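Following: one structure in structure tokens, then a few remarks.
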Amino acid sequence: MLPAIVIEKPPRLIRAIRLLPVDATADEAAILADELSGITAMVAEKFTNDRTAEGIGRALLLTIGGISLGLEHLIQTEEEGDLDALDILIGEGAEHAFQAGFRLIRELSALPEDSLVGEYDLDPIYSQRRLKELFVDICTADPGESWSGYERYLGQVRQRQEVQAVVKAAEWLRKHHYEGAVVDPDLNAEGVIAMAIIFAAEGGARITARTGQREFERFVKAVRKHKPDFEAGWAELMARVPPAHQAVIAARIATYRASCTVLQLIDTTATMKQLFAEMENYAGSELDPEYP
Numbered sequence: 025m026l027p028a029i030v031i032e033k034p035p036r037l038i039r040a041i042r043l044l045p046v047d048a049t050a051d052e053a054a055i056l057a058d059e060l061s062g063i064t065a066m067v068a069e070k071f072t073n074d075r076t077a078e079g080i081g082r083a084l085l086l087t088i089g090g091i092s093l094g095l096e097h098l099i100q101t102e103e104e105g106d107l108d109a110l111d112i113l114i115g116e117g118a119e120h121a122f123q124a125g126f127r128l129i130r131e132l133s134a135l136p137e138d139s140l141v142g143e144y145d146l147d148p149i150y151s152q153r154r155l156k157e158l159f160v161d162i163c164t165a166d167p168g169e170s171w172s173g174y175e176r177y178l179g180q181v182r183q184r185q186e187v188q189a190v191v192k193a194a195e196w197l198r199k200h201h202y203e204g205a206v207v208d209p210d211l212n213a214e215g216v217i218a219m220a221i222i223f224a225a226e227g228g229a230r231i232t233a234r235t236g237q238r239e240f241e242r243f244v245k246a247v248r249k250h251k252p253d254f255e256a257g258w259a260e261l262m263a264r265v266p267p268a269h270q271a272v273i274a275a276r277i278a279t280y281r282a283s284c285t286v287l288q289l290i291d292t293t294a295t296m297k298q299l300f301a302e303m304e305n306y307a308g309s310e311l312d313p314e315y316p
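Numbered per the working numbering, the sequence shown finishes at 316, counting up by one with no gaps.
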């Protein structure tokens, strides 16, 4: 068996610098070197220990990755990407590329990482720490090794946008809760959506985003007595949901249609205690176990 072909892919900045001898003047190369030194000093001051050689070394790796990330974003075509990158560095400056890369990291850090949202997620100190961790994780780039920071960045963007869609859908459901908007900085987005879908099976297009034990028992008794058409109830829910959130809700309905144990057990001899325990598995902290 032939060995796999390993394609070397150094950071874009390094690939562009390799073209300096034939595609840039001595003055342009000197200006670029001066810019890179200034950016590295700034990164060392803000993100690493600028008093140690190790701090300067790590700052250099972050500078390479930060600029490379920006270049990847700014380059329009891949055919002559390294030449395009050099044109940006000479024409717009390394600082322009670095700021473009850092802006991507800042925007990424603002997207939710998890559908469990807590008050600490809005804390400025936590936000700065999260920004720094993302910057270090994605933009650390060794000049002598292949770098996949841009691909990892794109992957995280897709993942976090999916999470954000879930969070936004849950926030809409909370806003339209039948008893009035639910105002709480802590949010279990998947729990809110699960509760809304399960309760929607009863029919009537009433949106339930948070509830307690008493309302859950009422719901179970109503479903057992009237045996509503779950599909009709979900269709009524979907008719109320704005287009921006329909894909998320529809995907969850498909999941719960096939595997929701609450709905599967509700028409059996399962006790209310058993059903409530199953409901807690879906709704989590959005379900209040205490009677009011």
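Idealized CB from N, CA, C, for every residue including glycine. Computed from a predicted model, the values in this text were never measured in an experiment.
### Query
Skipping 5 residues on each side, what residues in its chain have a beta carbon closer than 8 Å to that of residue 291?
247, 248, 251
### Message
Helix, strand or coil, according to DSSP, for residue 73 in the structure here?
### Response
coil
### Among 239, 167, 267, nearest to residue 299 - alpha-carbon criterion
239
### Query
Does the distance from the C-beta atom of residue 231 to that of residue 220 stay below 7 Å?
yes
### Task
For residue 80, I'd like the list of residues in its chain whose CB is within less than 6 Å of its CB, leaving aside the five on either flank, ordered along the chain.
68
### Task
Mind the definition here: the stretch 126 to 144 touches the stretch 204 to 213 only if three or more C-beta pairs lie below 8 Å; say whether that holds.
yes
#### Entry: residue 34, DSSP secondary structure in three states
coil
### Query
Excluding five sequence neighbours on each side, which residues of the same chain lie with their C-beta closer than 6 Å to the C-beta of residue 33?
170
### Message
To the nearest angstrom, how far is the alpha carbon of residue 182 from that of residue 176?
### Response
10 Å
### Query
Beta carbon of residue 99, beta carbon of residue 90: below 7 Å?
no
### Query
Rounded to a whole number of angstroms, what is the C-alpha to C-alpha distance between residue 271 and residue 279?
13 Å
### Task
Check whether the Cβ atoms of residue 198 and residue 225 sit closer than 7 Å, and answer yes or no.
no
### Message
Could you pull the DSSP bridge partners for residue 212 from this structure?
### Response
140
### Query
With 7 Å set as the bound, which would you pick, yes or no: does the beta-carbon of residue 303 sit closer than that to a beta-carbon of chain C?
As a matter of chain content, chain C is missing from the structure shown, which is built from one protein chain.
### Query
Apart from the five residues just before and just after residue 195, which ones in its own chain have a Cβ nearer than 6 Å to its Cβ?
none
### Message
I'd like to confirm the pairing. Which residues does DSSP put opposite residue 312 in its beta bridges?
### Response
236
### Message
Mapping the DSSP letters down to three states, classify residue 43 as helix, strand or coil.
### Response
coil
### Query
Within 10 angstroms of its Cβ, does residue 316 collect 16 or more other Cβ (buried), or is it exposed?
Residue confidence for residue 316 is low, a pLDDT of 46 falling below 50, so the modelled location carries little weight and cannot support an answer.
### Task
Quick one: measure Cβ to Cβ for residue 155 and residue 133, integer angstroms, because I've assumed they're closer than 8 Å.
4 Å
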